[in-house]
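In this note's numbering, the protein residues as written are 20 to 250. To start, the structure itself, in structure tokens.
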Ligand SMILES: [Ca+2]
Ligand SMILES: [Ca+2]
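Below, the structure written as structure tokens:
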């Protein structure tokens, strides 16, 4: 009877341990190599657009991680929630407060036409020191008019997700490429990360397993002790 109860507890504990807790991971900061040449307009990280010639902000204000989304129609609300570039390729480097094991990166973006604001190609890199980068995932989205939205649509927009990622790092780079020869702009409004902590304190399920292990070891010691006394 006793044995079957502890077997049941072991199964319950193992079941909990198997359901590893992936969570949304929030970076502490990010920077991007946005050029000051924004074409006709600069779609800043903070606020709406400004005419060409205005300096781009040197420090991002955090629109990519503030939880605020735009619509499929980028022009709704003066494009305020969007961060946009005419650069063919932009690197956005995210810094986390510790090393995490990443499983997916999701990017809010939209398209009006393939020759204006176009869905980008995305690449994810990781780094242990913020200097040397290793490619971890690629999501290519060939330009297609099937992805067009009216620039005044209030429908929900696209999220492009790189999943099945498996790397651990404190730095993650997202490279955004707007298909040279097609789009003039890539627009992003949010970047989210899923994963879990590594090398930190054991999770409750791990503690339960350890305590169960101590119990089993203790019981086995007691049995051995009793066997010695009886002999
Ligand atoms: Ca946002
Ligand atoms: Ca903005």
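By construction, the Cβ of each residue, glycine as well, lies at the ideal position given by its N, Cα and C atoms. Remember, predicted model here, so these are calculated numbers, not experimental data.
Residue environment for residue 145: buried (at least 16 other C-beta atoms within 10 angstroms of its C-beta). The criterion of a C-beta distance shorter than 7 Å is satisfied by residue 89 and residue 100. If only complete runs of 3 or more residues are kept, the stretch 102 to 172 shows the beta strand (DSSP E) at 102 to 104, 108 to 128, 140 to 146 and 153 to 158, in order along the chain.
Residue 205: member of the beta strand (DSSP E) spanning 205 to 216, first to last residue. Going by C-alpha positions, residue 191 is about 29 Å away from residue 69. Distance check between residue 66 and each of 50, 44, 97 and 48 places 97 closest, using alpha-carbon atoms only.
For residue 183, the number of other beta carbons within 10 angstroms of its own is below 16, and it is reported as exposed.
DSSP places residue 50 within a strand segment (E or B) once states are collapsed to three. Where residue 189 is concerned, the enclosing beta strand (DSSP E) starts and stops at 186 to 196. Within the same chain, 167 come within 6 Å of residue 132 by CB-CB distance, once the 5 residues on both sides are set aside. Selection around ligand 2 by beta-carbon proximity, strictly under 7 Å to any non-hydrogen atom, yields 62, 63, 64, 65, 66, 67, 82, 98, 99, 100, 101 and 102 in chain order. If you ignore the 5 residues before and after residue 178, its C-beta comes within less than 7 Å of the C-beta of 125, 126 and 127, all in its own chain and listed in chain order. Contact annotation: the stretch 155 to 172 does not touch the stretch 101 to 117, with fewer than three C-beta pairs closer than 8 Å. DSSP, reduced to helix, strand and coil, places residue 83 within a helical segment of the structure shown.
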